[in-house]
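This report concerns only the one structure given below.
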Amino acid sequence: MIKYYNQLERVAKLILILSLAVMAIINIANVVSRYLLSTSLAYTEELVTNLFVYNTFIGASVAARKGAHLGMPIIYDRLNEKNQRWMMFGVALLSAALFLVLLRFGFTMARDQFNFGQRTPALGLPAWIFGAAIPIGGLFMAAAFLVGGYETLKGKR
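Following our numbering from start to finish, the sequence shown increments by one per residue and tops out at 823.
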């Protein structure tokens, strides 16, 4: 499982690099257009905002595996090493459960967007393409917390 997740994480990092590059190019093009042509590219805000949602989930999943999210170590610091690992494993399980719930409700939202034929306002793209960021992000996050929790429990992190 870890081997497959490592491959998935590499893909996630590649997606982050490419989408951030696309977002930067689009924003630069919009700024240049505003100053040279005195007009804004209307679709850029919609595209960049929706790519940002994908990037937030994918980037957070990379951090989740490493335990890089903020925490409150008040109780954690008072535990011995064995109990710290068990506590982090429990937190990882609870976090994974939360993101599986998010996956479920996000899937329902994206499915409804698909079924109702909703479109984005500026580009007219199917709204489910961007709505899918919620269940996809939930899946990435749940997997990251499960792998990170397992690695913590086994003392690999």
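All C-beta atoms in this analysis are idealised placements derived from N, C-alpha and C, irrespective of residue type, glycine included.
Since we're looking at a predicted model, the values are computed, not measured.
In the displayed model, Pro801 falls within a helix according to three-state DSSP. Take Ile740, set aside five residues on each side of it, and no residue of its chain has a beta-carbon closer than 6 Å to its own. A buried status is given to Val813, since no fewer than 16 other beta-carbon atoms sit within 10 Å of its beta-carbon.
Nearest Cα to Gly772 within the set Leu789, Tyr742, Gly804: Gly804. By the CB criterion at 7 Å, Phe796 and Asn716 fall inside the cutoff. According to DSSP, residue pairing for Arg785 in a beta bridge involves Pro792. The closest CA to that of Arg770, considering only Met753, Pro787, Ile800, is found on Ile800. For Asn696, the enclosing alpha helix (DSSP H) has its first and last residue at 668-703. Excluding the 5 residues flanking it on each side, His735 has same chain C-beta neighbours closer than 7 Å at Ala729, in chain order. In the DSSP assignment, Ile740 falls outside any alpha helix (DSSP H) and carries neither an H nor an E.
In this structure, Tyr709 is the residue among Ser699, Tyr709, Leu680, Phe780 with its C-alpha nearest to the C-alpha of Pro787.
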